[in-house]
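A.B. asks: First residue of the sequence shown? That's 1 in UniProt numbering, and the numbers climb one at a time after it.
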Amino acid sequence: MSSDGFVTDCSLNTTVEVMLEDTIAKENVLLRDGQGAAAVANASIAERVIEPTLVMFEVHVPPSCMLDGVHSQHFSGTGVIIYHSHSMGLVAVDKNTVAVSASDVMLSFAAYPIEIPGEVVFLHPVHNFALVAYDSSALGPVGVSAVQAAELLPDPALRRGDSVYLVGLNRSLQATSRKSVVTNPCATLNIGSADCPRYRATNMEVVELDTDFGSAFSGVLTDEHGRVRAIWASFSTQVSTLNKKYKKKRKTKLKVGSNTSEDHHFVRGIPVYAISQVLHNIISGGNGWHLLINGVKRPMPLIRILEVELYRTLLSKARSFGLSDDWIQALIKKDPVRRQVLRVKGCLAGSKAENLLEQGDMVLAVNKEPVTCFRDIENVCHALDIGESGGELNMTIFRQGRELDLVVGTDVRDGNGTTRVINWCGCIVQDPHPAVRALGFLPEEGHGVYVARWCRGSPVHRYGLYALQWIVEVNGKPTPDLDAFVNVTKELEHGEFVRVRTIHLNSKPRVLTLKQDLHYWPTWELRFDPETATWHRQTIKALDCQNL
1 MSSDGFVTDC SLNTTVEVML EDTIAKENVL LRDGQGAAAV ANASIAERVI
51 EPTLVMFEVH VPPSCMLDGV HSQHFSGTGV IIYHSHSMGL VAVDKNTVAV
101 SASDVMLSFA AYPIEIPGEV VFLHPVHNFA LVAYDSSALG PVGVSAVQAA
151 ELLPDPALRR GDSVYLVGLN RSLQATSRKS VVTNPCATLN IGSADCPRYR
201 ATNMEVVELD TDFGSAFSGV LTDEHGRVRA IWASFSTQVS TLNKKYKKKR
251 KTKLKVGSNT SEDHHFVRGI PVYAISQVLH NIISGGNGWH LLINGVKRPM
301 PLIRILEVEL YRTLLSKARS FGLSDDWIQA LIKKDPVRRQ VLRVKGCLAG
351 SKAENLLEQG DMVLAVNKEP VTCFRDIENV CHALDIGESG GELNMTIFRQ
401 GRELDLVVGT DVRDGNGTTR VINWCGCIVQ DPHPAVRALG FLPEEGHGVY
451 VARWCRGSPV HRYGLYALQW IVEVNGKPTP DLDAFVNVTK ELEHGEFVRV
501 RTIHLNSKPR VLTLKQDLHY WPTWELRFDP ETATWHRQTI KALDCQNL
């Protein structure tokens, strides 16, 4: 139940269809037969080059794997092949199409009429993209030769007025393209937290165009030679509908369980520099955990990040807050186009920067070098992995009229996503994912058992243990993490009344009692094993029907 009295409906029974609609005027269509190849005369060079690299995604998230606040069970969209060999292929796609690693992914190729499964191998912790691997041998000899990898062109960065080609696939797996002009190559996003926290793009600059094919069309942005400058990605946000309801029904009381917001999707361009870096690390050998991909163990990259949410402020505003003219001139000299300074919106709870940086701080320089955009921060974090600085940044900030020098630690994150989940009495519990930590609060009593979902008709539904809270005690025993939670709950018997202490996202504590039902709602665990690249389900506690 939310702080204003409404039940937050994060149940497993709620699904929102997010399907790619075919609203595209069928211009510049390429027709290909089973062997590969013939383009119609009106197709651009960029379209002919990029079409063999495009892939249509159909993604299904099983009900038991609705992790990390994912808002639907079905997604679809367009991805682009960034690596293709006889042993492995990699496809880049936005995280509004592939939201969690525990997904069933099917790939349909524009270059060859075949549908094969894909495997989620990397979810970027900050940027809105995921990498999905496929087995090239499943394409057959003809398919392997027909499918191609796109050429990425991360530099030079796009500029205002540049001409690009927007290319994607419609529902018939036919390429559609149009020539567009970049209107803003460094637009910033301001996406608020959803009712049920889920991934949202932060600390990102995106590309805006003068014309596109609407919010349901994803694909790539290329130059005239078909080289990929950005992926045209889908983003998800929520729009409040509470005001609409009050206007239409001022005298009608909102029912418990009613939603006060609806999902909204829009598309923007994501420059490929981050994708290019991750791809290089995977091919050359990353510095992280090993993942089995198509029978071969490959080291995956680790991403060093400053776990701070930032936003931009114009230098004209910064001057009014007391920033000196010397710093304003230094920042203009560093970046005469943006003319901005980065400010701290908040630190992720549990991060190394949490107790050092404060809301409203202006980030002026890192290691004595002025910074003006999110990529500057990413570059200095990436440089820490090359040097021997211990993972700390020497930051110069402006706080309440004073200039301060701070040593701030960075955090290292992998691309796994959530790899362990426990279902107890009909609720799904997991470690708090980044979208939850971004709210800035973790209970001091323990924050490793976060309720992400609940099932209708289950014990937690009947007794009111809903999502968006932490279980910190079970029968008086602390549960600071999932291991402690398993040790406590596996001792509970069928039909036993259990006393549970919780703390909500709004920091309010609560105590409730529920009756365990192991017959219909056994306790089980789902865990990802990178050694075998498979998810394993293990029953922790169930009713022994032989003793009934």
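Note that the Cβ used here is the ideal one computed from N, Cα and C, for glycine as well.
Candidates Ala-149, Gly-495, Thr-539, Gly-168: which alpha carbon is nearest Gly-214's?
C.D. replies: In the sequence shown, counting from the first residue as 1, residue 214 sits at position 214. When each option's Cα is compared against that of Gly-214, the closest is Gly-168.
A.B. asks: Give me the DSSP bridge partner(s) of Met-66.
C.D. replies: What you label residue 66 is simply residue 66 of the sequence shown in a count that begins at 1. None; Met-66 has no bridge partner.
A.B. asks: Please report the distance separating the alpha-carbon of Phe-528 from that of Ile-275.
C.D. replies: Counting from 1 along the sequence shown, the entry for residue 528 is found at position 528. Counting from 1 along the sequence shown, the entry for residue 275 is found at position 275. If I take the Cα positions, the gap works out to 24 angstroms.
A.B. asks: Say yes only if the C-beta of Asp-212 is nearer than 7 angstroms to one or more non-hydrogen atoms of the ligand ZN, and no if none qualify.
C.D. replies: What this structure holds is no ligand at all, so the ligand ZN is not there to describe.
A.B. asks: Give, in chain order, every unbroken run of the alpha helix (DSSP H) that is at least 4 residues long and sits entirely within the segment 390 to 453.
C.D. replies: You should have 434 to 437.
A.B. asks: Pick helix, strand or coil for Tyr-463, following the three-state DSSP scheme.
C.D. replies: Against the sequence shown, residue 463 aligns to sequence position 463. It is helical.
A.B. asks: Using a Cβ distance threshold of 8 angstroms, determine whether the segment 441 to 449 contacts the segment 142 to 150, with at least three qualifying pairs required.
C.D. replies: Output reads no: the segment 142 to 150 does not touch the segment 441 to 449.
A.B. asks: Please go through the same chain and pick out, in chain order, the residues whose beta-carbon is closer than 8 angstroms to the beta-carbon of Glu-358, but skip the five residues on each side of it.
C.D. replies: Stepping through the sequence shown from its first residue, residue 358 is reached at position 358. Cβ neighbours of Glu-358 beyond the five flanking positions: Val-344, Arg-399.
A.B. asks: Can you tell me where the beta strand (DSSP E) with Gln-73 in it begins and where it stops?
C.D. replies: As a working mapping, residue 73 is identified with position 73 in the sequence shown. That residue, Gln-73, is in no beta strand (DSSP E); it is neither H nor E in DSSP.
A.B. asks: Can you tell which of Gln-277, Gly-219, His-225 has its C-alpha closest to the C-alpha of Ser-234?
C.D. replies: By 1-based counting over the sequence shown, the position of residue 234 is 234. For Ser-234, the nearest C-alpha among the options comes from Gly-219.
A.B. asks: Excluding the 5 residues flanking Arg-198 on each side, which residues of the same chain have their C-beta closer than 7 angstroms to its C-beta?
C.D. replies: In the sequence shown, counting from the first residue as 1, residue 198 sits at position 198. Excluding positions up to five away in sequence, the list reads Asp-68, Gly-69, Val-70, His-71, Ala-435.
A.B. asks: Beta-carbon within less than 7 angstroms of Gly-350's beta-carbon, same chain only, minus the 5 sequence neighbours each way: which residues are those?
C.D. replies: Residue 350 sits at position 350 when you count from the first residue of the sequence shown. Arg-437, Leu-442, listed in sequence order.
A.B. asks: Keeping to the same chain, check which residues put their C-beta closer than 7 angstroms to that of Ser-180; ignore five residues upstream and five downstream.
C.D. replies: The residue you call residue 180 lines up with position 180 of the sequence shown. So the list reads Val-164, Leu-166, Leu-209, Asp-210, Thr-211, Asp-212, once near-sequence residues are dropped.
A.B. asks: Check whether the segment 458 to 465 touches the segment 509 to 526, taking contact to mean three or more Cβ pairs, one atom from each stretch, closer than 8 angstroms.
C.D. replies: Yes, the segment 458 to 465 touches the segment 509 to 526.
A.B. asks: Would you call the segment 405 to 419 and the segment 474 to 484 touching, i.e. three or more CB-CB distances under 8 angstroms?
C.D. replies: No, they do not touch.
A.B. asks: Drop a sphere of 10 angstroms on the beta-carbon of Lys-247, count the other beta-carbons inside from all chains shown, and report buried for 16 or more, exposed for fewer.
C.D. replies: As a first step, residue 247 must be located in the sequence shown, where it is residue number 247. With a pLDDT of only 44 at Lys-247, under 50, the local geometry of the prediction cannot be trusted, and no value is derived from it.
A.B. asks: Go ahead and label His-225 buried or exposed: buried means 16 or more other beta carbons lie within 10 angstroms of its beta carbon, across all protein chains shown.
C.D. replies: The sequence position of residue 225 within the sequence shown is 225, counting from 1. Result: exposed.
A.B. asks: Output yes or no for whether 8 angstroms exceeds the beta carbon distance between Ile-81 and Val-91.
C.D. replies: As a position in the sequence shown, residue 81 is number 81, starting the count at 1. As a position in the sequence shown, residue 91 is number 91, starting the count at 1. Contact: yes.
A.B. asks: I need the straight-line Cα distance from Gly-391 to Ala-383, nearest angstrom please.
C.D. replies: The residue labelled residue 391 in the question sits at position 391 within the sequence shown. The residue labelled residue 383 in the question sits at position 383 within the sequence shown. Approximately 9 angstroms between the Cα atoms of the pair.
A.B. asks: So who's on the other strand from Thr-169, going by DSSP bridges?
C.D. replies: Taking the sequence shown and counting its residues from 1, the one referred to as residue 169 is at position 169. In the sequence as presented, Thr is not what sits at residue 169; that position holds Leu. Its beta-bridge partners are Ala-175.
A.B. asks: Give the straight-line distance between the Cα atoms of Met-395 and Trp-289, rounded to the nearest whole angstrom.
C.D. replies: As a first step, residue 395 is located in the sequence shown; it is residue number 395 there, counting from the start. As a first step, residue 289 is located in the sequence shown; it is residue number 289 there, counting from the start. About 30 angstroms.
A.B. asks: How close, in whole Å, do the beta carbons of Asn-203 and Phe-374 come, if the pair is a contact with beta carbons under 8 angstroms?
C.D. replies: Translated into the one-based positions of the sequence shown, residue 203 becomes position 203. Translated into the one-based positions of the sequence shown, residue 374 becomes position 374. Asn-203 to Phe-374, Cβ: 5 angstroms. Contact.
A.B. asks: Which two residues bound the contiguous alpha helix (DSSP H) that contains Lys-317?
C.D. replies: As a first step, residue 317 is located in the sequence shown; it is residue number 317 there, counting from the start. Counting along the chain, the alpha helix (DSSP H) containing Lys-317 begins and ends at 315 to 320.
A.B. asks: Rounded to the nearest angstrom, what separates Gln-329 and Arg-319 at their Cα positions?
C.D. replies: By 1-based counting over the sequence shown, the position of residue 329 is 329. By 1-based counting over the sequence shown, the position of residue 319 is 319. Between Gln-329 and Arg-319, the C-alpha separation is close to 11 angstroms.
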